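Going line by line, the protein sequences match chains A and B.
So the first sequence is numbered by the working numbering: it starts at 25 and just counts up by one.
So the second sequence is numbered by the working numbering: it starts at 25 and just counts up by one.
Reading through the structure tokens given below for one structure.
Protein chains: 2
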Amino acid sequence: MIATEQVSSLSIGIVLFPNVTQLDFTGPYEVFAKLPNVQLYLLAETPEPIRSDCGLTFLPDTTFAQAPALDVLFVPGGPGINAKMEDEKFLNFLKTQGKQARYVTAVCTGSLLLAGAGLLQGYRATTHWLSLDLLEILGVETVAQRVVIDRNRITGGGVTAGIDFGLALAAELFGEAIAQEIQLKIEYNPQPPFNSGSPQTAPAAVLARVTNASQNFQEIRRQIVQRVVTQL
Amino acid sequence: MIATEQVSSLSIGIVLFPNVTQLDFTGPYEVFAKLPNVQLYLLAETPEPIRSDCGLTFLPDTTFAQAPALDVLFVPGGPGINAKMEDEKFLNFLKTQGKQARYVTAVCTGSLLLAGAGLLQGYRATTHWLSLDLLEILGVETVAQRVVIDRNRITGGGVTAGIDFGLALAAELFGEAIAQEIQLKIEYNPQPPFNSGSPQTAPAAVLARVTNASQNFQEIRRQIVQRVVTQL
Numbered sequence: 025m026i027a028t029e030q031v032s033s034l035s036i037g038i039v040l041f042p043n044v045t046q047l048d049f050t051g052p053y054e055v056f057a058k059l060p061n062v063q064l065y066l067l068a069e070t071p072e073p074i075r076s077d078c079g080l081t082f083l084p085d086t087t088f089a090q091a092p093a094l095d096v097l098f099v100p101g102g103p104g105i106n107a108k109m110e111d112e113k114f115l116n117f118l119k120t121q122g123k124q125a126r127y128v129t130a131v132c133t134g135s136l137l138l139a140g141a142g143l144l145q146g147y148r149a150t151t152h153w154l155s156l157d158l159l160e161i162l163g164v165e166t167v168a169q170r171v172v173i174d175r176n177r178i179t180g181g182g183v184t185a186g187i188d189f190g191l192a193l194a195a196e197l198f199g200e201a202i203a204q205e206i207q208l209k210i211e212y213n214p215q216p217p218f219n220s221g222s223p224q225t226a227p228a229a230v231l232a233r234v235t236n237a238s239q240n241f242q243e244i245r246r247q248i249v250q251r252v253v254t255q256l
Numbered sequence: 025m026i027a028t029e030q031v032s033s034l035s036i037g038i039v040l041f042p043n044v045t046q047l048d049f050t051g052p053y054e055v056f057a058k059l060p061n062v063q064l065y066l067l068a069e070t071p072e073p074i075r076s077d078c079g080l081t082f083l084p085d086t087t088f089a090q091a092p093a094l095d096v097l098f099v100p101g102g103p104g105i106n107a108k109m110e111d112e113k114f115l116n117f118l119k120t121q122g123k124q125a126r127y128v129t130a131v132c133t134g135s136l137l138l139a140g141a142g143l144l145q146g147y148r149a150t151t152h153w154l155s156l157d158l159l160e161i162l163g164v165e166t167v168a169q170r171v172v173i174d175r176n177r178i179t180g181g182g183v184t185a186g187i188d189f190g191l192a193l194a195a196e197l198f199g200e201a202i203a204q205e206i207q208l209k210i211e212y213n214p215q216p217p218f219n220s221g222s223p224q225t226a227p228a229a230v231l232a233r234v235t236n237a238s239q240n241f242q243e244i245r246r247q248i249v250q251r252v253v254t255q256l
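Structure representation (structure tokens):
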């Protein structure tokens, strides 16, 4: 926890890329924006609008080249990570920021990008359930848990885990009371209408359909991961 | 539930306005975008970018004037509803679409806008916990429940309730199996790190701080609601 007097302005950088999953970062963003004295940066390689995988488009406010030294580096996931796993310029930005950031964080398959930049090896971490085995291939000790905190690495599971992650990070940075206030403001009292949110609880037929539909995509991702791991 | 063969393309309109709370609609958006055969419209009065209350900016894709007859009308909330509660042009758009839409829906204080347009009177509905009494003043039978379905009116509680709402609407439109698949894809297996997400569960001191901090704003909103109710 950071004493409030130390924090004139805490910088949180959200790393965007084409085909990012928007809820991976819009969930945490709602939490981050309610923290006292933070400066949020929507970062991307160029100032061009970033189209998320489901169509919503976002305007970065800062390019990688113009980004300040971040206190918190945050990387969301999405289908677009496939291209970024082998993008040296992108990975170098994560490496540079990750070396000096106070917290190095990710949600969903953003963890694969952190691992691709060599920032999660030697740490326990998590990712979207469909890609846990790929994070393992990258040499990360994976934990099938909603939010994993290992020293200054904080990672969350798939997509909606970003809200749990955001609140956990809020508590790390400013203490539980601030995190609890934000939880109340955003009425985060979840009541999913179904119990299908994890491979352990989803009906078998639902799990089979989702797994089968993602098989080709996950196979391509596996091949990328296998190339990346030889470069680490 | 709508049979798939009937749905060549189901139109869902998301109504934006300045100072909307982005997670009110980015949560449901992630769910909507994964539905089969839907066309999503980010609607606003003008094509100008819409700045949300926490800073994220969105580009509407369709103006009110150009919007098609919507199958689903969806209204998020946020501080910006105050100005829209007395904006005749805005309310007329909701009235026109609400009269013919198959589903008339809202999350958070978007319900106050629906009520301001006369679309929730005679229905049971919900809103953000801080504004439940204001929805009552507008002549709506309020229910302190995460998601309320009353005939073709579907409303959700504050901010993060949009995800529960989105899945409930997905099930209404396309059946439980589709909703469960989406829940699994977005790993919606929430595990809030604290139990502070509702006024019933939040620590007393946390509830007091949030309630006190919102007092002036809620008083202004109450005055608006009291003016609006005389016009209904």
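Backbone N, C-alpha and C fix where the C-beta goes; we use that ideal spot for every residue, glycine too.
Small disclaimer: the values here were computed from a predicted structure and weren't measured.
Around the C-beta of N213 of chain B, are 16 or more other C-beta atoms found within 10 angstroms, so that it is buried, or is it exposed?
Residue numbering aside, residue 213 of chain B sits at position 189 when the second sequence is read from its first letter. Buried, by the Cβ-count rule.
Note down the Cα distance separating L97 of chain B from T50 of chain B, rounded to an integer number of angstroms.
Looking up residue 97 of chain B in the second sequence gives position 73. Looking up residue 50 of chain B in the second sequence gives position 26. Approximately 15 Å between the Cα atoms of the pair.
DSSP state of V252 of chain A, grouped into three classes?
Here residue 252 of chain A refers to the residue found at position 228 of the first sequence. It is helical.
Taking just the CA atoms, how far does E205 of chain B sit from I178 of chain B?
The residue labelled residue 178 of chain B in the question sits at position 154 within the second sequence. The residue labelled residue 205 of chain B in the question sits at position 181 within the second sequence. Each residue's alpha carbon lies about 21 Å from the other.
Do we get a CB-CB distance below 8 Å when we pair T129 of chain B with the residues of chain A?
Locating residue 129 of chain B in the second sequence gives position 105, where the first residue counts as 1. No, because no Cβ of chain A sits closer than 8 Å to the Cβ of T129 of chain B.
Using CA atoms only, rank isn't needed, just tell me which of A:L47, A:P42, A:V44 and A:A57 is closest to I36 of chain A.
The sequence position of residue 36 of chain A within the first sequence is 12, counting from 1. The option with the nearest alpha carbon to I36 of chain A is A:A57.
Quick one: which residues of the region 214-232 of chain B get their C-beta closer than 9 Å to a C-beta of chain A? List them in chain order.
P214, Q215, P216, P217, F218, N219, S220, G221, S222, P223, Q224, T225, A226, P227, A229, V230 and L231
Would you identify the three-state DSSP class for E160 of chain A, choosing helix, strand or coil?
The residue you call residue 160 of chain A lines up with position 136 of the first sequence. E160 of chain A: helix per DSSP, three-state reduction.
Does chain A have any CB closer than 8 Å to the CB of I187 of chain B?
Start at 1 with the first residue of the second sequence, and residue 187 of chain B comes out as number 163. Chain A contact via Cβ: present.
Just to confirm, is the Cβ distance from A149 of chain B to V172 of chain B under 8 Å?
For this step, residue 149 of chain B is matched to residue 125 along the second sequence. For this step, residue 172 of chain B is matched to residue 148 along the second sequence. The answer is yes: Cβ separation under 8 Å.
Specify the secondary structure class of T235 of chain B as computed by DSSP and reduced to three states.
Here the question's residue 235 of chain B lines up with position 211 in the second sequence. If DSSP states are grouped into helix, strand and coil, T235 of chain B belongs with the helices.
Unbroken stretches of the alpha helix (DSSP H), 4 residues or longer, contained in the region 32-119 of chain B:
46-56 and 105-108
Touching or not, the region 160-167 of chain B and the region 192-209 of chain A, by the rule of three or more beta carbon pairs under 8 Å?
no
Please name the residue in B:A228, B:Q169, B:T120 and B:F88 whose C-alpha comes closest to that of P216 of chain A.
Counting from one through the first sequence, the residue named residue 216 of chain A turns up at place 192. P216 of chain A has its Cα closest to that of B:Q169, out of B:A228, B:Q169, B:T120 and B:F88.
Using 8 Å as the limit for Cβ to Cβ distance, is V234 of chain A near chain B?
For the purposes of this step, residue 234 of chain A is taken as the residue at position 210 of the first sequence. Judged by the 8 Å Cβ criterion, V234 of chain A is in contact with chain B.
For A149 of chain A, return the contacting residues in chain B, with the cut-off set at a CB-CB distance below 9 Å.
By 1-based counting over the first sequence, the position of residue 149 of chain A is 125. Within chain B, no residue comes near A149 of chain A; the closest Cβ sits about 15 Å away, beyond 9 Å.
What residues are listed by DSSP as bridge partners for E165 of chain A?
By 1-based counting over the first sequence, the position of residue 165 of chain A is 141. Per DSSP, A:R148.
Looking only at C-alpha atoms, which of A:H152, A:G122, A:W153 and A:R126 sits nearest to Q145 of chain A?
As a position in the first sequence, residue 145 of chain A is number 121, starting the count at 1. Answer by Cα proximity: A:G122.
Within the continuous alpha helix (DSSP H) that includes A194 of chain A, where are the two ends?
Translated into the one-based positions of the first sequence, residue 194 of chain A becomes position 170. First-last of the alpha helix (DSSP H) with A194 of chain A: A185 to F198.
Report the neighbours of G163 of chain A on chain B: residues whose CB is nearer than 8 Å to its CB, in chain order.
Position 139 of the first sequence, counted from the start, is the residue given in the question as residue 163 of chain A. Here the premise fails: no neighbours, minimum Cβ distance about 23 Å.
Check the DSSP bridge columns for V128 of chain B and list the partner residues they point to.
The residue you call residue 128 of chain B lines up with position 104 of the second sequence. V128 of chain B is bridged to B:L97 and B:R177.
What separation, rounded to the nearest whole angstrom, lies between the Cα atoms of S76 of chain B and F82 of chain B?
Translated into positions along the second sequence, residue 76 of chain B becomes position 52. Translated into positions along the second sequence, residue 82 of chain B becomes position 58. If I take the Cα positions, the gap works out to 8 Å.
Cβ of Y53 of chain A less than 8 Å from any chain B Cβ?
Here residue 53 of chain A is taken as the residue at index 29 of the first sequence, counted from 1. Chain B, which has a Cβ nearer than 8 Å to the Cβ of Y53 of chain A, makes this yes.
Does I178 of chain B come within less than 8 Å of chain A when only Cβ atoms are used?
Here the question's residue 178 of chain B lines up with position 154 in the second sequence. No - not a single Cβ of chain A is within 8 Å of the one on I178 of chain B.
Is any beta-carbon of chain B found at less than 8 Å from that of L115 of chain A?
As a working mapping, residue 115 of chain A is identified with position 91 in the first sequence. So, not an interface residue.
What residues of chain B sit near Y212 of chain A, judged by a beta carbon separation below 7 Å?
Locating residue 212 of chain A in the first sequence gives position 188, counting from the first residue. Result: T184, P216 and G221.
In terms of DSSP beta bridges, what is V230 of chain B paired with?
Here residue 230 of chain B refers to the residue found at position 206 of the second sequence. According to DSSP, which records beta bridges pairwise, V230 of chain B is partnered with nothing at all.
Going by beta-carbon coordinates alone, are V62 of chain B and S33 of chain B separated by less than 8 Å?
As a working mapping, residue 62 of chain B is identified with position 38 in the second sequence. As a working mapping, residue 33 of chain B is identified with position 9 in the second sequence. A contact, by the Cβ cut-off of 8 Å.
Would you please verify whether the beta carbon of V31 of chain A is less than 8 Å from any beta carbon of chain B?
Counting from 1 along the first sequence, the entry for residue 31 of chain A is found at position 7. Here V31 of chain A scores only 48 on pLDDT, less than 50, and its place in the model should not be relied on; the value that follows carries that caveat. Closer than 8 Å: no.
Delimiting residues of the alpha helix (DSSP H) encompassing G140 of chain B:
Mapped onto the second sequence, residue 140 of chain B falls at position 116. Taken as a continuous stretch (DSSP letters only), the alpha helix (DSSP H) holding G140 of chain B covers G134 to G140.
Quick one: list the residues of chain A neighbouring E200 of chain B, beta-carbon separation under 8 Å, in chain order.
In the second sequence, counting from the first residue as 1, residue 200 of chain B sits at position 176. Under the 8 Å cutoff, chain A gives F218.
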